[in-house]
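Q:
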């Protein structure tokens, strides 16, 4: 009875915090009152639907484990390791402090279970076990984390360990600790890459509300409270340290409906909330804001006829122009989409599939929403002698 009452009070508190923030206005602090930095993007179109100080560098705490998790997935994919590899826990792993998977010296645990312990219960010890197994030592693994960050364009991110724990100088306790540093925008880039490339592998773990491993006598709820509130949420990771505050990277699927012409996913990040319920409230508010105020629609079909253009103005040298790809755009309900076509000067010969130009789509404020290459739908490479002579005099 007491547990039920506590759960009801928690839900009530979350709703009280969340409802005022479900605003349709562009004032950042009315949409997100509780985090220091935040961002919400659409995975498919990469449209930023909301941002609040998204490039401020901040400690990211256990959101660091998203990169550790990604590297583990890729190491399995590349056959560097096997997810069923058995890892023997040593003293360095077992003594790691903070949120824990409760690993013990001498214990033998499969890599895949350590990955669950990493993401679901935020095991700092699991992160060290994974790092040592993949790269033999933690420093080499951290170098790999930083290289991957560069590869993904996470220009404001630096890792010093695989879990996000602050590293204090024991000789000088007053000295600020070394910490993993990133931004809301960089973490959103990381989340997008994970879902773009490994959606099934990611959600197989991040969507689990309860993690149970009977062989270890271990069971614990996922630290991501959003999973129990919105069924469409399927990730990603919580974080907390005293300096970082309460952080959350989250993902939510939006099904195809009357507003959205394609199933798509929103990815959000909140950093630096001062209470776990305020972190939850900020995340709920961003998701509601994105879902209520934006829709994703197809604005260009693949192979859609764009028009015709003539080499040297000659009718017999007619190039049919079409779109190379389809394009979906995520637009705010109040936005109108404008387009601009830029074409190259055509020179004989032209091959089918040659890129002739580009169509850019942008809002009234000039924000570029997307672009599609314009290509030739036909070959123009067999002109007659008469036409070639005409080209000389019309060039």
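Residue numbers (the numbering used here): 1380 to 1774.
Just so it is clear, CB atoms sit at the ideal spot from N, CA and C, and this is done for glycine as well.
Note that the structure is predicted; figures quoted are calculated from it, not measured.
Give a yes or no on whether the C-beta atoms belonging to residue 1617 and residue 1639 are separated by under 7 Å.
A: No; because the gap between Cβ atoms is not below 7 Å, this pair is not in contact.
Q: If we count the other Cβ atoms within 10 Å of its Cβ and call it buried at 16 or more, is residue 1414 buried or exposed?
A: That one is buried.
Q: Give me the Cα-Cα distance between residue 1400 and residue 1625, rounded to the nearest whole angstrom.
A: For residue 1400, the pLDDT reaches just 36, beneath the cut-off of 50, and the residue's location in the model is therefore unreliable, although a value from the coordinates is still provided. Computed Cα separation, rounded: 18 Å.
Q: What residues in its chain sit with their C-beta under 6 Å from that of residue 1655, if we drop five residues either side in the sequence?
A: Counting only Cβ-Cβ distances below 6 Å, and skipping sequence neighbours, we find 1625.
Q: Does DSSP put residue 1610 in a helix, a strand or coil?
A: If DSSP states are grouped into helix, strand and coil, residue 1610 belongs with coil.
Q: Roughly how many angstroms lie between the CA atoms of residue 1397 and residue 1661, to the nearest whole one?
A: Residue placement at residue 1397 is poorly supported in this model, since its pLDDT is 39, which falls under 50; the coordinates still yield a value, given next. In a straight line, the C-alpha of residue 1397 is about 7 Å away from that of residue 1661.
Q: Assign residue 1496 to one of three DSSP states: helix, strand, or coil.
A: Reduced to three states, the DSSP call for residue 1496 is helix.
Q: In terms of residue numbering, what span does the alpha helix (DSSP H) encompassing residue 1488 cover?
A: Segment 1487-1489 is the beta strand (DSSP E) holding residue 1488; no alpha helix (DSSP H) there.
Q: Ordered along the chain, which non-local residues of its own chain (more than five positions away) have a Cβ less than 8 Å from that of residue 1753?
A: Counting only Cβ-Cβ distances below 8 Å, and skipping sequence neighbours, we find 1685, 1700, 1701, 1702, 1703, 1720, 1722, 1734, 1735, 1736, 1737 and 1738.
Q: Given 8 Å as the limit, is there contact between the segment 1663-1673 and the segment 1703-1714, that is, 3 or more CB pairs closer than that?
A: Verdict: yes, contact present.
Q: Roughly how many angstroms separate the alpha carbons of residue 1523 and residue 1505, rounded to a whole number?
A: Cα to Cα, residue 1523 sits roughly 17 Å from residue 1505.
Q: Along the chain, where does the beta strand (DSSP E) that runs through residue 1451 open and close?
A: Counting along the chain, residue 1451 falls outside any beta strand (DSSP E), though it belongs to the alpha helix (DSSP H) covering 1444-1456.
Q: Under the DSSP definition of a beta bridge, which residues are partnered with residue 1652?
A: In DSSP, residue 1652 forms a bridge with 1625.
Q: In this structure, how does DSSP classify residue 1537 when only helix, strand and coil are distinguished?
A: Strand, per DSSP.
Q: How would you write the range of the alpha helix (DSSP H) that residue 1736 sits in, first residue to last?
A: That residue, residue 1736, is in no alpha helix (DSSP H); its beta strand (DSSP E) goes 1734-1741.
Q: If you drop the 5 nearest sequence neighbours on each side, which residues of the same chain put their C-beta closer than 6 Å to that of residue 1680?
A: Hits under 6 Å: 1705.
Q: Would you check if the segment 1474-1489 and the segment 1512-1520 touch, i.e. whether three or more CB-CB distances between them fall below 8 Å?
A: Segments in contact, no.
Q: Find the nearest neighbour of residue 1646 within the set 1529, 1568, 1682 and 1607, judged by alpha-carbon distance.
A: When only C-alpha atoms are compared, the closest one is 1568.
Q: Mind reading off the beta-carbon distance from residue 1429 to residue 1665? Whole number of angstroms is fine, and I expect it under 8 Å.
A: About 6 Å; that satisfies the 8 Å criterion.
Q: Could you tell me the distance, in whole angstroms, from the CA atom of residue 1774 to the CA atom of residue 1732?
A: Near 24 Å, if we compare the C-alpha coordinates of residue 1732 and residue 1774.
Q: Could you tell me if residue 1740 is buried or exposed, where buried requires 16 or more neighbouring beta carbons within 10 angstroms of its beta carbon?
A: Under this definition residue 1740 is a buried residue.
Q: Taking all protein chains shown into account, decide if residue 1707 is buried (16 or more other Cβ within 10 angstroms of its Cβ) or exposed.
A: By the neighbour-count rule (16 or more Cβ atoms within 10 Å), residue 1707 is buried.
Q: CB residue 1566 to CB residue 1628, shorter than 7 Å?
A: In this structure, residue 1628 lies closer than 7 Å to residue 1566 by Cβ.
Q: State yes or no: is the C-beta of residue 1437 within less than 7 Å of the C-beta of residue 1725?
A: Their beta carbons are not under 7 Å apart, which means residue 1437 does not touch residue 1725 by this criterion.
Q: Which of the three DSSP states, helix, strand or coil, is assigned to residue 1572?
A: Looking at residue 1572 - three-state DSSP - the assignment turns out to be helix.
Q: Going by beta-carbon coordinates alone, are residue 1493 and residue 1448 separated by less than 7 Å?
A: The answer is no: Cβ separation not under 7 Å.
Q: Is residue 1417 closer than 7 Å to residue 1435 when the C-beta atoms are compared?
A: No, these two residues do not count as a Cβ contact at 7 Å.
Q: Tell me whether the beta-carbon of residue 1572 lies closer than 7 Å to the beta-carbon of residue 1531.
A: Result yes, Cβ atoms of residue 1572 and residue 1531 sit closer than 7 Å.
Q: With H, G and I counted as helix, E and B as strand and the rest as coil, what does DSSP make of residue 1459?
A: Coil, per DSSP.
Q: Measure the C-alpha to C-alpha separation of residue 1482 and residue 1501 and round it to an integer number of angstroms.
A: Going from the Cα of residue 1482 to the Cα of residue 1501 covers about 13 Å.
Q: For residue 1470, report the span of its alpha helix (DSSP H) as first-last.
A: Note, residue 1470: alpha helix (DSSP H), 1470-1473.
Q: Tell me whether residue 1693 sits in a helix, a strand or coil according to DSSP, three-state version.
A: In this structure, residue 1693 counts as coil in the three-state DSSP scheme.
Q: In terms of DSSP beta bridges, what is residue 1546 paired with?
A: Partner(s): 1557.
Q: Is the CB-CB distance between residue 1509 and residue 1472 below 7 Å?
A: No.
Q: Do residue 1439 and residue 1561 have their C-beta atoms closer together than 7 Å?
A: Against a cut-off of 7 Å, the Cβ pair of residue 1561 and residue 1439 comes out as a contact.
Q: In three-state terms, what does DSSP make of residue 1522?
A: In this structure, residue 1522 counts as helix in the three-state DSSP scheme.
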